[in-house]
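A short write-up of the structure that comes next.
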Ligand code: HPA
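Numbering (the working numbering), first residue to last: 79 to 353.
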C-alpha cells in the first residue's frame, strides 16, 4: 500500500470539499451506483482526479466520489469500487476506507453483487453480511504496518457491526424490502467459479460469493470503523443453475432491483440517523 499516495488523496479531497465532515461512508459495488441519486448532493469528484484511485474499468461502476446527505447524515458515497483483480495493488481498494478514517467518519456500509450459493437465495434478494470468508489468498494488511489499521494483528471476530446489522433488519421491516442474512465469501476473480469450487465453498459455510468487499471490510474494522455489508444476489452461483454466468446478468438484476436497493439504503440511513 502506498501511504504517500493515500495522504495525497486525503489532501486533495480536503481541498475539493473543505467543509466536508462525513459521519459515514457508502461504497457502491457492481450495479449499485444509481443509489447515489437518493442523496442530496453537495459535491462530486470523478475518481480519475483523485491520486491513487483512477477510473474503474468495470461496467456498472460509475467512478465518482459523491459528497451527499441523507436523513441529515453527511456521507461520502464512493460510486463504484476498485478490485484486487484489476491488478493495481491495494492502494486504490484501501483508499475509500483510508479517506473515511482521516475525515473522521465512524461507519461504512459496503455493497456488492454476489452469486447465491445457499438454496433459498434467488436473484434480486438482498443479504446482510454477517461474516465473511477470505479466499482471495491475499490480505491488504500484508507489508509494512501502519497504525491507522490498529494493532499489527487485528481481531476479526466481529467485522460486521451488530448494531448496523440490527438496523438493517429494522430498515427492512420499515420499508417492506425483505433482507436475509448470510456469510459472504470472496475469491480473487476475475473468472467466475467452477461448480466444483462452489460445492466446496458451500461446505465451508459460504452463502454467497463475490470478488470484493472483504478487503475493505477487513481494513475498516481494523481501523475501528463500524462496518455494514449488503449483497444483492444477482445470479445463482456456478452449478446451482445450469445457466452460464455473465456480468450482463449481474448488471441486469441490479437494474431490476434498483427500486428495492434504494428504498432499503435510504431507510437504513433513517435508522442510523435515529440511533
Ligand atoms: N461469483 C463471483 N462474483 C460475483 C458473482 C458470482 O457468481 N455474481 C456477482 N459477482
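Where is the CB? At the ideal position from N, CA and C, for every residue including glycine.
Since residue i sits in a beta bridge, which residues does DSSP pair it with?
i: residue 211; result: 263
i: residue 157; result: 106 and 142
i: residue 206; result: 259 and 308
i: residue 185; result: 102 and 304
i: residue 237; result: DSSP output for residue 237 lists no bridge partner at all.
i: residue 84; result: Its beta-bridge partners do not exist; DSSP assigns none.
i: residue 123; result: 143
i: residue 118; result: 147
i: residue 152; result: 147
i: residue 252; result: Answer by DSSP bridge pairing: none, since residue 252 is not bridged.
i: residue 191; result: 310
Tell me, to the nearest whole angstrom, how far the beta carbon of residue i is from that of residue j; I am working on the premise that it is less than 8 Å.
i: residue 243; j: residue 209; result: Going by Cβ atoms, the distance from residue 243 to residue 209 rounds to 10 Å, so no, they are not a contact pair.
i: residue 336; j: residue 260; result: So it is not a contact: roughly 21 Å between Cβ atoms.
i: residue 211; j: residue 283; result: 7 Å
i: residue 116; j: residue 90; result: In fact, because the Cβ distance is near 26 Å, the residues do not count as touching under 8 Å.
i: residue 114; j: residue 155; result: 5 Å
i: residue 173; j: residue 278; result: Not quite, the Cβ-Cβ distance comes to about 33 Å (not below 8 Å), so this is no contact.
i: residue 291; j: residue 199; result: With a Cβ gap of about 16 Å, residue 291 and residue 199 do not count as contacting.
i: residue 297; j: residue 227; result: 6 Å
i: residue 183; j: residue 107; result: Going by Cβ atoms, the distance from residue 183 to residue 107 rounds to 18 Å, so no, they are not a contact pair.
i: residue 144; j: residue 122; result: 5 Å
i: residue 185; j: residue 304; result: 4 Å
Assign residue i to buried or exposed, taking buried as 16 or more other Cβ atoms, counted over all protein chains shown, within 10 Å of its Cβ.
i: residue 229; result: exposed
i: residue 265; result: buried
i: residue 274; result: exposed
i: residue 324; result: exposed
i: residue 124; result: exposed
i: residue 246; result: buried
i: residue 231; result: exposed
i: residue 234; result: exposed
i: residue 152; result: buried
i: residue 220; result: exposed
i: residue 286; result: buried
i: residue 294; result: buried
i: residue 118; result: exposed
i: residue 225; result: exposed
i: residue 179; result: buried
i: residue 390; result: Any answer about residue 390 is impossible in this case: the structure gives the chain only from 79 up to 353.
i: residue 81; result: exposed
i: residue 315; result: buried
i: residue 326; result: exposed
i: residue 322; result: exposed
i: residue 271; result: buried
i: residue 301; result: buried
i: residue 236; result: exposed
i: residue 159; result: buried
i: residue 103; result: buried
i: residue 241; result: exposed
Let me know the beta strand (DSSP E) ranges lying completely inside the segment 268-347, each 3 residues or longer, listed in chain order.
286-288 and 304-314
So which residues touch the region around the ligand HPA, with touch meaning a C-beta under 6 Å from any heavy atom?
191, 192, 193, 270, 271, 287, 288, 289, 312, 313, 315, 323 and 328
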